[in-house]
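Chemist: Dropping a structure here in structure tokens format, bear with me for questions.
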Amino acid sequence: MPPATTSEETPSTGEILATSSWLTPIPKFWHLLPHAKTLIRHYGPHTIFADTTVLVRANTPRSTKLEKLPSAKLLARSFAAAQDAHGSAQPDGPAKEDLELFTLLWRTTIEVVDQILEDGIADGEAFGWGVYGLSFGYIPSFPSPPSADNSTSFDALRQRLHTTLLTLPNVNNPQRERERSSISPAERVGRLVKARNEVHLCGTLLVQRFREEEWASVRWGHLIAVVERWLGNLELGVG
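Counted from 1, the sequence shown has number 204 at position 208 by the numbering used here; the numbering is strictly sequential.
Listed below in structure tokens is the structure:
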């Protein structure tokens, strides 16, 4: 692990934005994310100024020590505020630069997740758990279309996905492994194939819903966290 960076060595937001322009999506994601976390660690939680859509930093900056990462809650609050401020006019200042970086990180994250999904490089279980996590950051902009088959509604698909994920092999779940050992190898394989197909189907249908709305209804923090975990598990772009 490299030594902690001092505040004097930390590039400015403008420098980070400038040097990101020539990077492809995955390297750009890893280039932007640490700086976004640093900004949130120092100046978060970002919020929306009362009765406006203007992003503002916390009144009192936090410690300038970089060793401690911001909590998931702090990240979520700042990214949620940035999402609410996105697309509206902002006064010049540091918070505006923060929003520019958070917005670029969000756009880059969409490019990365689309690449992961289109290339099929996330395995079935990682894909399924990631999509399940995303579903909790989904705020629908329109209701599920009426259907005679309620099994394809958003909530039903999420529940089907979760139920199936819990049936997959897990060495950390002794009870599940004991249940698997009580059936024949052929039946185990059959159940596994069926479960993986169900994960793929439910996950794909949920992702289609996200994409129909161009990811706009997914909270930024949820998607960024899922993509960070996917890339880490796949060891893509991790130094």
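Just so you know, even glycine gets a beta-carbon here, dropped at the ideal spot from N, CA and C.
Under the three-state reduction of DSSP, which class applies to L51: helix, strand or coil?
Modeler: On the sequence shown, residue 51 is found 55 positions in, with the first residue counted as 1. Three-state result, L51: strand.
Chemist: Within this structure, are the beta carbons of I112 and W226 separated by less than 8 Å?
Modeler: Position 116 of the sequence shown, counted from the start, is the residue given in the question as residue 112. Position 230 of the sequence shown, counted from the start, is the residue given in the question as residue 226. Cβ atoms of I112 and W226: closer than 8 Å.
Chemist: Can you tell me whether I44 is helix, strand or coil according to DSSP?
Modeler: As a position in the sequence shown, residue 44 is number 48, starting the count at 1. It is a strand residue.
Chemist: Should S249 be labelled buried (16 or more other beta-carbon atoms within 10 Å of its own) or exposed?
Modeler: Here the chain has residues from -3 to 235 only, and residue 249 is not among them.
Chemist: What's the gap between the Cα of T104 and the Cα of T163?
Modeler: Against the sequence shown, residue 104 aligns to sequence position 108. Against the sequence shown, residue 163 aligns to sequence position 167. If you take the alpha carbons of T104 and T163, they lie about 33 Å apart.
Chemist: If we require 3 or more residues per run, which beta strand (DSSP E) segments fall completely within the region 98 to 164?
Modeler: The qualifying runs do not exist here; there are none.
Chemist: Between A144 and the rest of its own chain, which residues show a CB-CB distance below 8 Å, the 5 nearest in sequence each way excluded?
Modeler: Here residue 144 is taken as the residue at index 148 of the sequence shown, counted from 1. With a pLDDT of 43 at A144, under the threshold of 50, the predicted position of this residue should be treated as unreliable, though the coordinate-derived value follows. Once the five neighbours on either side are set aside, A144 has no close Cβ partner at all.
Chemist: With T43 and A77 assumed to form a contact (beta carbons below 8 Å), what rounded beta-carbon distance in angstroms separates them?
Modeler: Looking up residue 43 in the sequence shown gives position 47. Looking up residue 77 in the sequence shown gives position 81. Correct: roughly 5 Å between the Cβ atoms.
Chemist: If you measure between the beta carbons of R53 and P87, is that distance less than 8 Å?
Modeler: The sequence position of residue 53 within the sequence shown is 57, counting from 1. The sequence position of residue 87 within the sequence shown is 91, counting from 1. In this structure, P87 does not lie closer than 8 Å to R53 by Cβ.
Chemist: How long is the line joining the alpha carbons of L161 and V127, rounded to whole angstroms?
Modeler: Position 165 of the sequence shown holds residue 161. Position 131 of the sequence shown holds residue 127. Rounded to whole angstroms, L161 to V127 spans 11 Å at the Cα level.
Chemist: The alpha helix (DSSP H) spanning Q204 covers which residue range?
Modeler: For this step, residue 204 is matched to residue 208 along the sequence shown. Counting along the chain, the alpha helix (DSSP H) containing Q204 begins and ends at 181 to 208.
Chemist: Return the CA-CA distance between E256 and W102, expressed in angstroms with no decimal places.
Modeler: Given a span of -3 to 235 for the chain in the structure shown, any question on residue 256 remains unanswerable.
Chemist: Just to confirm, are L13 and G40 a CB contact at a threshold of 8 Å?
Modeler: In the sequence shown, residue 13 corresponds to position 17, counting from 1. In the sequence shown, residue 40 corresponds to position 44, counting from 1. No, the pair does not count as a contact, with Cβ atoms beyond the cut-off.
Chemist: Using beta carbons (cut-off 8 Å, strictly below), is Y39 in contact with chain B?
Modeler: Among the chains of the structure shown, chain B does not appear; only one protein chain is present.
Chemist: Would you be able to state if there are at least three C-beta pairs under 8 Å between the region 193 to 203 and the region 117 to 133?
Modeler: They touch, by the three-pair rule.
Chemist: Using the beta-carbon count (16 or more within 10 Å), is A68 buried or exposed?
Modeler: Numbered from its first residue, the sequence shown carries residue 68 at position 72. Answer is exposed; the Cβ neighbour count stays below 16.
Chemist: Give the DSSP-derived three-state secondary structure of V167 in the structure shown.
Modeler: Position 171 of the sequence shown holds residue 167. Caution is warranted here: a pLDDT of 48 is assigned to V167, below 50, making its placement in the model unreliable, and the coordinate value is therefore given only provisionally. Three-state DSSP puts V167 in coil, outside helix and strand.
Chemist: Are the Cβ atoms of L51 and D94 separated by less than 8 Å?
Modeler: For this step, residue 51 is matched to residue 55 along the sequence shown. For this step, residue 94 is matched to residue 98 along the sequence shown. Cβ distance < 8 Å, so L51 and D94 count as in contact.
Chemist: For H196, which residues in the same chain have their Cβ closer than 7 Å to its Cβ, ignoring the five residues on either side in sequence?
Modeler: Here residue 196 corresponds to residue number 200 of the sequence shown, with the count starting at 1. G120.
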